[in-house]
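The structure under discussion appears below in the form of structure tokens.
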Amino acid sequence: MDPIELQVLTGALHAICEEMGAVLIGSAHSANIKERRDASTALFSPDGEMVMQAEHIPVHLGAMPAAVRAVLDKRHAPGRSWVLNDPYRGGTHLPDITVITPVFAAGGRGGPTAAARDRGGPHGQSGPCAQAGTLAQTVPHAQTVPHAQTGTREQTGTREQTGPREQTGTREQTGTREQADDAPALIGFAASRAHHADVGGPTPGSMPADSRTLADEGVVIEPQVLDEAAIERLSALMRRPDQRRADLRAQLAAGRIGVMRLGQLAQRVGTGTLLAAYEEVLDYAERRTRACLAALPDGDLHAIDVLEAREGDLRMQLRATVHGDELTLDFTGTAAQHEGNLNCPLAVTRSAAYFAVRVLTDPDIPANAGAHRPVHVIAPEGSLLNAMPAGDPGASPAVVGGNVETSSRVADIVLHAFGRALGQGTMNNLTLGDEAGVVYYETIAGGQGACADADGPDAVHVAMSNTLNTPVEALELEFPLRVTEYALRRGSGGRGRHRGGDGVVRELEALAPLRFSLITERRRHRPRGAAGGEPGAPGRNLIDGRELGPKSSGELSPGQRLRIETPGGGGYGAPAP
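Heads up: take any position in the sequence shown, counting from 1, add 392, and you land on my numbering.
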């Protein structure tokens with residue numbers, strides 16, 4: 393493909409993702425999406441490879457391909473969308489709900505791209521990334537949301553649509569999807585993932601600090617059709633069903649704009665040209681990533697870090713091997729999955745690893761599946777970074793902290809192995825709520841690590857988070873809270889030739905009885921500096937001056953103040969005497 397034409401089509405695909413995000417954010421009702429922008433959008437090829445994404449939330453985007461793979465073999469039709477949040481079937485944690493809409497172009501043959509066929513199989517799973525580790529096991533969840541869609545039946549453990557086959561334009565034959573010549577061509581998928589402020593469970597906000605199983609964290613949604621009946625049924629199981637309905641409809645709207653724009657693009661340039669552009673964009677990202685990896689010296693690098701679990705520290709271990717133009721990240725030696733909620737499905741671990749590699753190579757490389765091909769992620773089954781589900785979802789390991797905090801530590805340990813100063817290493821997750829309908833969730837900024845030629849930025853969301861804060865005005869208008877202090881935490885960045893960024897202080901006063909939950913890190917261990925730079929200050933959680941642990945929950949009475957002091961980033965280079 394002509395390089396100019398490729399750049400034009402790359403820009404068009406990126407613009408579609410950005411417009412999907414704008415529609416989702418502009419249509420949502422909850423402050424978590426419309427204010428904090430805790431949502432992501434992306435486009436996928438017919439075989440499920442991520443072709444393009446908007447610059448949204450890294451932990452969402454890197455794990456979203458597993459969600460698309462979870463619905464690839466469903467019976468697709470124009471206008472039929474799918475929804476899921478099961479962490480062991482392509483989700484991250486339960487509040488992150490994914491909506492996937494197939495995109496069709498009239499006439500012609502769609503289906504898997506030539507590149508995927510060359511790599512073997514309709515899903516393209518024989519490439520380098522597929523060789524590293526194993527996909528998190530997926531099992532049916534018996535006590536999840538029941539499959540109440542009309543026109544479906546259970547058959548050998550899977551759901552098969554009983555509507556007319558000609559409606560879908562496909563026929564299933566020996567486990568593969570075969571496109572009829574006169575049927576609409578499947579040309580991709582438009583997907584969005586959004587953090588919903590509540591998905592049920594015993595804790596308002598569905599982010600409990602002390603969860604042990606998925607049943608403690610909310611409603612598990614297996615892959616299923618998302619229509620108005622499903623929206624009503626799901627929302628009824630969650631707090632603030634009016635917001636849940638509105639936010640799910642906003643995700644459907646984002647999918648529809650993706651369908652419309654991608655269909656228009658296919659009509660303008662031709663389906664064949666569009667599918668060829670997918671392959672070119674993926675190959676281009678792979679070439680650039682390989683070139684960056686080839687510039688690194690060959691050899692093994694090692695790093696060790698810890699997570700601050702309620703029962704004590706959990707060890708994380710990494711051996712990073714650069715060999716030519718490929719990189720292997722081997723987490724063998726990391727602690728086993730535990731009884732708390734810092735467990736990670738493999739998709740989340742991969743997501744964090746891919747983010748760190750993007751930082752180490754070139755952030756301008758298109759962030760798609762092609763960029764991931766030279767990167768091999770190994771995490772033993774049953775470890776903290778490749779948690780295995782149980783047959784009963786109530787017994788499956790909890791993951792709510794793994795998605796937000798363990799993922800941050802995965803990024804940290806990779807960056808540390810390559811000699812980078814670390815940022816705050818936590819999202820400082822705070823949920824507040826009650827059973828009357830108050831549901832508030834936010835992540836809080838902190839200091840970023842310094843680098844060899846610059847100080848670290850102050851008061852930013854780092855690593856796997858990329859959200860905004862909740863504006864004080866919006867927070868105080870919607871919730872029974874008063875912000876009594878919001879300021880830089882001066883001097884919290886690590887000293888060095890270049891200093892680490894400062895964290896923030898955020899203090900909230902309860903105006904009504906509220907339950908709170910804190911899932912934070914770097915309270916016992918400071919973010920590391922590099923090349924002789926000093927570590928950043930650890931974070932602190934306090935109620936009326938009384939210190940709390942990194943994972944805490946409890947009650948706030950009117951007038952009580954919850955204060956969060958976030959960590960500073962590590963410094964770079966020895967400080968001047």
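Note that the Cβ used here is the ideal one computed from N, Cα and C, for glycine as well.
With 16 or more other Cβ atoms from the protein chains shown falling within 10 Å of its own Cβ, Ser603 counts as buried.
Nearest C-alpha to Gly794 among Gly783, Asn820, Arg472: Asn820. Taken through DSSP and simplified to helix, strand or coil, Val714 comes out as strand. Rounded to whole angstroms, the Cβ separation of Ile579 and Thr663 is 6 Å, and the two are in contact under 8 Å.
With contact defined as three or more Cβ pairs closer than 8 Å, the segment 932-948 and the segment 700-708 are in contact. Across the structure, Val831 and Ala968 are spaced so that their CA atoms are roughly 47 Å apart.
Residue range 488-497 is occupied by the beta strand (DSSP E) that includes Pro494.
Between Val611 and Val591, the C-beta gap is smaller than 8 Å, which places the two residues in contact. Counting only runs of at least 4 residues, the segment 843-911 fully encloses the following alpha helix (DSSP H) elements, listed from N- to C-terminal order: 864-870. Annotated as distal: Val661 and Leu869, with beta-carbon spacing of 8 Å or more.
If you look at Thr663, you'll find it in the alpha helix (DSSP H) that goes 663-686.
Comparing alpha carbon positions, the residue from Ala761, Arg625, Ala669, Leu640 closest to Thr681 is Ala761. Taking the Cβ atoms as the reference, Ala759 lies roughly 13 Å from Arg765, outside the contact range of under 8 Å. The alpha helix (DSSP H) runs of length 4 or more contained entirely in the segment 413-444 are, from start to end of the chain, 423-426. Inside the segment 722-783, DSSP marks whole alpha helix (DSSP H) runs of 4 or more residues at positions 738-752, 761-764, from first to last along the chain. Nearest C-alpha to Gly403 among Gln445, Glu834, Arg882, Gly937: Gln445. Asp690 and Arg711 do not touch by the CB rule: their CB atoms are close to 14 Å apart, not below 8 Å. Secondary structure remark: continuous beta strand (DSSP E) runs of at least 3 residues inside the segment 584-641, in chain order: 616-618. Going by beta carbons, Gly963 and Gly921 fall inside the 8 Å limit.
CA-to-CA, the gap between Glu899 and Leu706 works out to about 29 Å. Using a C-beta cut-off of 8 Å, the segment 852-864 makes no contact with the segment 623-637, since fewer than three inter-stretch Cβ pairs fall below that distance.
Taking the Cα positions, Met456 is about 22 Å away from Gln729. In the DSSP assignment, the residues bridged to Gly946 are Phe908.
In this structure, the straight-line span from the alpha carbon of Glu797 to that of Leu734 is close to 7 Å. Taking one beta carbon from each stretch, the segment 481-494 and the segment 772-780 have fewer than 3 pairs nearer than 8 Å; the two do not touch.
Cβ contact annotation for Asp847 (same chain, cutoff 8 Å, sequence separation greater than five): Gly885, His890, Arg891, Gly892, Gly893, in chain order. When Gly483, Leu606, Ala745, Ala686 are compared, the shortest CA-CA separation from Glu718 is found for Ala686.
In the three-state reduction of the DSSP assignment, Ala701 falls in the strand class. Across the set Glu901, Arg918, Ala601, Gln709, the C-alpha of Arg918 shows the shortest separation from the C-alpha of Gly838. For Ile696, DSSP records a beta bridge to Gln709.
Distances from the CA of His421 to each of Ala683, Ala586, Ala763, Cys409 were compared; the closest alpha carbon is that of Ala586. The beta carbons of Met442 and Ala668 sit about 17 Å from each other, so the pair does not count as a contact at 8 Å.
Taking the Cα positions, Glu427 is about 26 Å away from Ala622.
Burial state of Gln816 is buried, judged by a 10 Å Cβ sphere holding 16 or more other Cβ atoms.
Per DSSP, reduced to three states, the secondary structure at Gly647 is helical. Per DSSP, Ser473 lies in no alpha helix (DSSP H); the unbroken beta strand (DSSP E) holding it starts and ends at 473-476.
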